[in-house]
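Residue numbering for the sequence shown is 590 to 831, as defined by my numbering.
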Amino acid sequence: MKKHLLYRLTLTALLLGTLLSVAAVCGVLARYTTKITGKPGIAGAQEMFFECDYEDGGLYLIPANGDAFTFTVRNYDFLDNYSQSDITYSVTLDGILIVTNAKLNGGNKFDDPTNISASSLAVGSTYTISITATEPYEKTISFRISVVDDFIDNYYSVKDYGNWVQLDLYVGTTAPTALEVNYEGLAPDSTHDLMRTWMTGDNQNALVGLQSYSHYTLIFFGDKDVANVEKTELPTGIITLN
């Protein structure tokens, strides 16, 4: 009888110990789960959206007529996600500081235009503009502007490389608003912002959002034979790659 009682007491103690261990582990897991599934943004870092209307790494042509060259920085992306915190940034022209500690307000969509007088730039020269955010995080957007004398307002060129075709668009003082590209038989590079929604089977799509004083390089994949086109004025309707 004593043996059975001792056995029962031992078994009960073991079960109790196991239950207490499981409870302790569950408690730790519960605390850990609460920690990692809490409301986002309270303990984590907030995102910073810092963009420019000219692409990082791009080359843009401007006429040597003394007009101001204007670019805009903003605190939101193309999906209208915006930064909650204020952004501090500076601008350099060929390494020379021209804007210091400017601020983009957070908490809503905000734009800040900056003008650079083209009259202070030498004809035939190319300059690098760098826009650097320093707060709350660091990010740099750099692009180049080239001052040209024999400026054709809007023109394009086409080069067939065998397995892919390159279409270069050079936009002048007035960006076209109703220009389409017929790329039948080719596949557009949908990683480019201008062709993000283009599909291979569509064959023709509109160019939306062209900016003044801009150079765009568009790539189309495929082994279709396409005629090369030298520097030619942009048509008013359609560019056909054939």
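Glycine included, every Cβ here is placed at the ideal spot set by N, Cα and C.
- Collapsing the DSSP output to three states places ASP700 in a strand.
- Beta-bridge partners of VAL662 (DSSP): CYS641 and ASP701.
- In this model, ASP701 and TYR802 are separated by some 19 Å (Cα to Cα).
- Taking ASN817 as reference, the option from ASP738, ASP757, PRO824 and GLU773 with the minimal CA-CA separation is ASP757.
- The C-alpha of LEU796 is placed about 15 Å away from the C-alpha of GLY761.
- Where VAL797 is concerned, there is no enclosing beta strand (DSSP E), because DSSP gives it neither an H nor an E.
- ILE685 counts as exposed, since fewer than 16 other C-beta atoms from the protein chains shown sit within 10 angstroms of its C-beta.
- DSSP, read as helix, strand or coil, puts LEU807 in strand.
- Under the three-state reduction of DSSP output, ASP683 falls in the coil class, being neither helix nor strand.
- If you check the CB distance, GLU822 and GLN793 do not come in under 7 Å.
- Annotation: GLU640 to THR786 spans about 20 Å, alpha carbon to alpha carbon.
- For ILE730 and ILE718, the gap between their C-alpha atoms comes out near 8 Å.
- Measuring C-alpha to C-alpha distances from THR677 to each of VAL712, ASN664 and THR780 identifies ASN664 as the nearest.
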